[in-house]
Every structure is written in structure tokens, then in C-alpha cells.
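Novice: Numbers 99 to 492, taken from the working numbering, label the letters of the sequence shown in order.
This is the structure I want to talk about, given as C-alpha cells.
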Amino acid sequence: MKKSRMRFIAPIAVITALALTGCSTSNLGGTAEADPAAEAGPIKIGAVLDVTGVGASLGVPEQNTLTMLAKQLNDDGGIGGRDVELTIIDNQSTEDGAAKATSKLIESDKVDIIIGASRTGPSLAMRPIAEAAKIPMISVAANVAIVEGSEWVFKTAQNDVVVLERILDDAEAKGYTKVALVRDASGFGEGVAEYITDLGAERGITLTMTEAFEPSATDFTPQMTNVRGSDSDAVIIWGINPSAGLAQKAYAQLSVNKPVYHSHGISNQAFFDAAGDAANGVVAPMGRLLVADQLEADNSQREVIEKFQADYSAAYGEQPSGFAGHAFDAWHIAVNAIEAAGTDADALRDELESAEWTGISGVFQMTAKNHSGLDASALILAEAEDGRWNLIKD
Numbered sequence: 099m100k101k102s103r104m105r106f107i108a109p110i111a112v113i114t115a116l117a118l119t120g121c122s123t124s125n126l127g128g129t130a131e132a133d134p135a136a137e138a139g140p141i142k143i144g145a146v147l148d149v150t151g152v153g154a155s156l157g158v159p160e161q162n163t164l165t166m167l168a169k170q171l172n173d174d175g176g177i178g179g180r181d182v183e184l185t186i187i188d189n190q191s192t193e194d195g196a197a198k199a200t201s202k203l204i205e206s207d208k209v210d211i212i213i214g215a216s217r218t219g220p221s222l223a224m225r226p227i228a229e230a231a232k233i234p235m236i237s238v239a240a241n242v243a244i245v246e247g248s249e250w251v252f253k254t255a256q257n258d259v260v261v262l263e264r265i266l267d268d269a270e271a272k273g274y275t276k277v278a279l280v281r282d283a284s285g286f287g288e289g290v291a292e293y294i295t296d297l298g299a300e301r302g303i304t305l306t307m308t309e310a311f312e313p314s315a316t317d318f319t320p321q322m323t324n325v326r327g328s329d330s331d332a333v334i335i336w337g338i339n340p341s342a343g344l345a346q347k348a349y350a351q352l353s354v355n356k357p358v359y360h361s362h363g364i365s366n367q368a369f370f371d372a373a374g375d376a377a378n379g380v381v382a383p384m385g386r387l388l389v390a391d392q393l394e395a396d397n398s399q400r401e402v403i404e405k406f407q408a409d410y411s412a413a414y415g416e417q418p419s420g421f422a423g424h425a426f427d428a429w430h431i432a433v434n435a436i437e438a439a440g441t442d443a444d445a446l447r448d449e450l451e452s453a454e455w456t457g458i459s460g461v462f463q464m465t466a467k468n469h470s471g472l473d474a475s476a477l478i479l480a481e482a483e484d485g486r487w488n489l490i491k492d
């Protein structure tokens, strides 16, 4: 039987809800004995994603991934015989939209757990609502502030701190002592300059200057002109696409001519689409998804990555991004916890605090004090060349 291909059509409404339910014999009539688990109704998972707006290059593949995984799960019988109902709401890449969507999922849709948002700002807007309602939430964004001191919020993207550690370790090894920062002015870039200052001091590296840009920016001439005139040995561009790719393009066009690092916010094809040939030579820490074919055969993540790549490609006709991987991990961590603990909020939160999962973004080991579950070993360094990433081996 030929497998159907699913394509995502970008929503035009402010809120897009997508409910996916499988079938069970209790819905088919007849004399079959009722299944008590099925009578309890569906398990409800909500997601708040940046499907439109500046974060769409993150949110669309995340939506695709959750849609695919929900269908797979329900086709396989759901969880304990219960269907899983997935509701996805587009926050339009705004903090207000994320907050409203979270309230809707909790108050109207009565979800058992929430995944999202795609970016730091919207995730931080969601956090106090989830905490107050005592509903488990798994963000797929990066800034460590999302989970610092949290009781109910977890995350799957590698922390910005460990990304900076990898960058500065490489900069130290290459003898760079002065770096300039060009950062996203949204929540994703908050705290990055301070982290560079603190981590750099341990490595003999000084932050010489900081320039900022809006996530919607298209002109980076002022920032790159200032960087070009600085005495920095190397530059860190910290953003997501398309702005990060456009910043890199301006960097090359203005002949800055300094080694350049990017954050893991460029782990998708959109970076190459925006930057073009200017991407060549960029070094960035990222998960192992985009270099899976270059990993050792016995790497613990390789099997799960390759299956995800095959499934996603069959469903959507393209390869998944690192952001799709964050959603993949959030889904499986959530489902595994529900399978083990059920949907009681306290039991589910406790289960998440001991979650162990070998996934796309790394090998997770959550604890009560670490709601991220990843350290620097979750990241590799890769260099961009001719439209692909090449693994830099230690």
C-alpha cells in the first residue's frame, strides 16, 4: 500500500488547531466489550509554535514533526489504548500570541501537557502561565532562562550557555583573545553578552563590542561596518534565520574578513538560502542531525536520527532541520512520561524530572535541578561549505 505524503500548508488564521485522533474498537459499535482506558477519552497534548512570522523557519518543521508523530502514535494504538489528541496553535511569533494560546490550551482545551514555543521570547511568555496552572510544559527554545528555577517547565533545545562554551573553547584553541558579538535583540539574544564575558574570562577572551538587530531585520550594514572597524580577532553572530543568514551575507559583502561563528539557531536549510556562498567557512555548534552521515557507526544517536530523517523525508519530501529535532525530542519525552505516569499533572511532572532519552538533540538526563537534561557533549562543531555542514572532528 503506497504511503501517503503529508504537506504542510501555512495557516492564515491567528490560531490554527489541528486535532488528530486514531480509531479504537469502542467507537465502531457492535458487541465488543468496552475498554475502560478508551472510555477515559483522549490524552490531550497541546503545542504553541511560531508557525508564521519571524520564527516560521523553526515553527513549520516543528509543526510538521508533531503532526507526523501524532499520526504514527495513533496508527499504532495511541497510549495504553487511548487516542492522543494533538492541538497546535500558531502564536504568529509573538509573545502575546504565545501567552493567549497557552491560556486557551489550559482553560478551554484542558490539555495534559504543552510543547513549545519555538523561540525564547514566546516560551518565556508561556512559562508563568504553565507554572501557575501547574501544567507540564516542554519548550523547544534555547535560552536557559526558560527553565532556570522552574518547577513545571522543561526544554529540549541545547542551552545557549553550552553553545557558547563550545564556541569559546574553539576560539581559545585557535588563539583568539578578542571577540565581537552581533546578536538578535529578542529573548534569544538576551544574556549572551554577559555569558561571553563570564565564560571568556576563564579562557583569556574579551568581548570587545556588541551590536544588536531585530529578528525581522534585512539590512545589517551599520552593524557589520562597526565590526569591520573593530580590533576583534573573531565574531559571533547570534540569531535565527532568515536574519542570521542575511547578516552573514552582509558580513561577506562588506569584507569584514574575520573568522565568524554562529549559534545553533542556523541549523536548517534557511541559512544557506539566505546567506548563499557567504555561508562558506562559518563554524557553528549544533546537534548531530545535520551531520548524521558523518558520525561513527556506533554513535548512540545515529539510529534514531536516521529513522527520523527517513520518516520525515517520506512524509514531507525534504530533510528535517535541527528545530524539527527539538520537537521530535519534546514529543517522545512527553509520550514516554505519560506512558509511565499517566496524565496526573504531579505524577507527570515528577516523571519528566527523571526522564532519560537518546534523541535528536542529544542524550537527555533530566533531574529535579536540571530541566534541560543536556550538556556540551550534545553539540558538535560543523563548518559550512557549498550548502552543507561538515563535521569538525575533535
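Even for Gly, the Cβ is constructed at its ideal location relative to N, Cα and C.
A quick note: this is a predicted structure, and the numbers were derived from the prediction, not measured.
#1: Enumerate in chain order the residues of its own chain whose CB-to-CB distance from residue 325 is below 8 angstroms, with the five nearest sequence positions on each side excluded.
#2: Evaluate residue 397 with the Cβ neighbour count: other Cβ atoms within 10 Å of its Cβ, from every protein chain shown; 16 or more gives buried, anything less gives exposed.
#3: Would you tell me roughly how many angstroms separate the C-alpha atoms of residue 246 and residue 286, rounded to the nearest one?
#4: Between the C-alpha atoms of residue 458 and residue 399, what's the straight-line distance to the nearest angstrom?
#5: Between the Cα of residue 491 and the Cα atoms of 386, 442, 299, 434, which residue gives the shortest distance?
#6: Just how far apart, CA to CA, sit residue 341 and residue 374?
#7: Tell me, to the nearest whole angstrom, how far the beta carbon of residue 144 is from that of residue 207; I am working on the premise that it is less than 8 angstroms.
#8: Tell me which residue opens and which closes the alpha helix (DSSP H) that residue 320 is part of.
#9: Would DSSP call residue 430 helix, strand or coil?
#10: Spatial neighbours of residue 448 within its chain, please: CB distance less than 8 angstroms, with the 5 preceding and 5 following residues excluded, ordered by chain position.
#11: Figure out for me which residue from 485, 188, 372, 323 has the closest Cα to the Cα of residue 337.
#12: Tell me the start and end of each unbroken alpha helix (DSSP H) in the region 322-403 that is at least 4 residues and wholly inside, in chain order.
#13: Using C-beta distances below 7 angstroms, list every residue in its chain close to residue 261, excluding the 5 sequence neighbours before and after it, in chain order.
#14: Span of the beta strand (DSSP E) holding residue 180?
#15: Going by the CB atoms, is the gap between residue 153 and residue 217 shorter than 7 angstroms?
#16: When we look at the beta-carbon of residue 495 and count the other beta-carbons within 10 Å, is it buried (16 or more) or exposed?
#17: My guess is that residue 380 and residue 481 are in contact by the Cβ rule of under 8 angstroms, so how many angstroms apart are they, rounded?
#18: Just confirm the distance between the C-beta atoms of residue 464 and residue 450, as a whole number of angstroms; I'd bet it's less than 8 angstroms.
#19: Would you tell me roughly how many angstroms separate the C-alpha atoms of residue 263 and residue 472, rounded to the nearest one?
#20: On the premise that residue 204 lies in contact with residue 233, defined as a C-beta separation below 8 angstroms, what is that separation, rounded to the nearest angstrom?
#21: Looking at the unbroken alpha helix (DSSP H) that takes in residue 172, where does it start and where does it end?
#22: Quick one: grab the DSSP three-state call for residue 235.
#23: Please return the same chain residues whose Cβ sits closer than 6 angstroms to the Cβ of residue 151, not counting the five positions on each side in sequence.
Specialist: So, from the data block:
#1: 278, 280, 307, 309, 333, 349, 354, 356
#2: exposed
#3: 15 angstroms
#4: 7 angstroms
#5: 386
#6: 13 angstroms
#7: Between residue 207 and residue 144 the Cβ distance is about 6 angstroms, and since that is below 8 angstroms, they are a contact.
#8: 319-326
#9: helix
#10: 439
#11: Comparing Cα-Cα distances from residue 337 to each of 485, 188, 372, 323, the minimum goes to 372.
#12: 341-351, 367-373
#13: 361, 362, 383, 477
#14: Residue 180 -> no beta strand (DSSP E), and no H or E assigned at all.
#15: yes
#16: The shown model of the chain, from 99 to 492, leaves out residue 495, and the question about it has no answer.
#17: Yes, residue 380 and residue 481 are in contact; Cβ-Cβ is about 7 angstroms, under 8 angstroms.
#18: 6 angstroms
#19: 13 angstroms
#20: 6 angstroms
#21: 154-173
#22: Three-state DSSP puts residue 235 in a strand.
#23: 190, 191
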